[in-house]
Amino acid sequence: DAKTTQPPSMDCAEGRAANLPCNHSTISGNEYVYWYRQIHSQGPQYIIHGLKNNETNEMASLIITEDRKSSTLILPHATLRDTAVYYCIVRYDTGRRALTFGSGTRLQVQP
Amino acid sequence: GAGVSQSPRYKVAKRGQDVALRCDPISGHVSLFWYQQALGQGPEFLTYFQNEAQLDKSGLPSDRFFAERPEGSVSTLKIQRTQQEDSAVYLCASSPDKPGLDEQYFGPGTRLTVT
Numbered sequence: 019d020a021k022t023t024q025p026p027s028m029d030c031a032e033g034r035a036a037n038l039p040c041n042h043s044t045i046s047g048n049e050y051v052y053w054y055r056q057i058h059s060q061g062p063q064y065i066i067h068g069l070k071n072n073e074t075n076e077m078a079s080l081i082i083t084e085d086r087k088s089s090t091l092i093l094p095h096a097t098l099r100d101t102a103v104y105y106c107i108v109r110y111d112t113g114r115r116a117l118t119f120g121s122g123t124r125l126q127v128q129p
Numbered sequence: 009g010a011g012v013s014q015s016p017r018y019k020v021a022k023r024g025q026d027v028a029l030r031c032d033p034i035s036g037h038v039s040l041f042w043y044q045q046a047l048g049q050g051p052e053f054l055t056y057f058q059n060e061a062q063l064d065k066s067g068l069p070s071d072r073f074f075a076e077r078p079e080g081s082v083s084t085l086k087i088q089r090t091q092q093e094d095s096a097v098y099l100c101a102s103s104p105d106k107p108g109l110d111e112q113y114f115g116p117g118t119r120l121t122v123t
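First to last, the sequence lines map onto chains A and B. Remember, my numbering sits 18 above the position in the first sequence when you count from 1. Remember, my numbering sits 8 above the position in the second sequence when you count from 1.
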C-alpha cells in the first residue's frame, strides 16, 4: 500500500470548516483513499473513501486532486466532538485487507 | 448494541503470564481483524480472518501471539508469556467484506498493561 504523509497536528475553530490534507504521491491507479478518525480512548471510526471522484457523506467531504497524488478531508462545520486523530490510508479494494495506519493528524477543535 | 465488543476492557498481567482477549464482531460480518496500538502511535495490523480461516497473520510479532476464530464469529487473541513490550491497546475490527461495503468497524479495544 502507498505511503501517506499528513501534518502531525492542526487547530480549527468550532463552527468553521476543517480541511485536513494528505499526500500520497506514490498511489497507484487501483488504490482507494480512506479516512478514519480515532477519538480519545475509542477505536478508529470510518469516515469516507474514494477512488477518483470527490465524495460526500453525512460526516465529511473528500476532495481528491486530478493526479490523485493528494487529497483533502473537509469537515464542513467542526464541533468539539470532532477533536480526534485523523488517519489517511490508501489501499487496494482487493488483495490485502488490512489497513496500514500512519501517525495521522491530531485535530484540535477550539471553542 | 450492535457494535463490535471486546473484553476485558482493561487487563493487567505480570510478566510471564498468559492472557486471552476476546472480540465479539458485528453479527454476520465475514472479516475480522486484530490490531495492536502502542501509546501515541497508529494501530498496527496483527492478523485477519475470513470466517474461520486465518488468511493473514503476517503482523503477529512473535510465536507467543496466537489468534483463533473457530466458528467464524467470536475471536480470541492469546498472548503467552507476556513481556513488557506487549503493553498496548489491542483493537478488534469486523467488516461485511462486500463490494462497496468493506469499511472496518472497530471495537473500543483492550488495554493490556504488563508489569
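Positions of the beta carbon are idealized from the N, C-alpha and C atoms, including for glycine.
At a cut-off of 8 Å between beta-carbon atoms, F53(B) makes contact with chain A. Using a CB distance cut-off of 8 Å, P116(B) counts as an interface residue toward chain A. Counting other Cβ atoms within 10 Å of its Cβ, I57(A) stays below 16 and is therefore classed as exposed. Under the three-state reduction of DSSP, D29(A) is assigned to strand.
Residue contact with chain A for F41(B): present (Cβ-Cβ distance below 8 Å to some residue of chain A). Following the DSSP letters along the chain, one finds P39(A) inside the beta strand (DSSP E) bounded by residues 36-41. Counting along the chain, the unbroken beta strand (DSSP E) around L54(B) starts and ends at 52-58.
Contact annotation: the region 40-50 of chain B touches the region 92-102 of chain B, with at least three C-beta pairs closer than 8 Å. Straight-line measurement puts the Cα of L93(A) at about 10 Å from the Cα of T74(A). Excluding five sequence positions before and after Q88(B), the CB atoms of its chain that fall closer than 6 Å to its own CB belong to D26, R72, given in chain order.
Against P39(A), chain B offers no close residue; the least beta-carbon distance is about 17 Å (beta-carbon pairs closer than 8 Å). Leaving aside the five residues that flank A28(B) on each side, the residues in its chain whose CB is nearer than 7 Å to its CB run, in chain order, T84, K86. Y105, D111, R114, R115, A116, L117, T118, F119, G120, S121, G122: these are the residues of the region 105-125 of chain A whose beta carbon lies less than 8 Å from some beta carbon of chain B, given in chain order.
Comparing alpha carbon positions, the residue from L117(A), I82(A), Y110(A) closest to L38(A) is I82(A). Rounded to the nearest angstrom, the Cβ distance from E60(B) to E79(B) is 6 Å, consistent with a contact under 8 Å.
Annotation: D32(B) has no Cβ neighbours in chain A at a cutoff of 9 Å; minimum Cβ distance is about 13 Å. With 16 or more other CB atoms across the displayed protein chains lying within 10 angstroms of its CB, S102(B) is buried. At a cut-off of 8 Å between C-beta atoms, G61(A) counts as an interface residue with respect to chain B.
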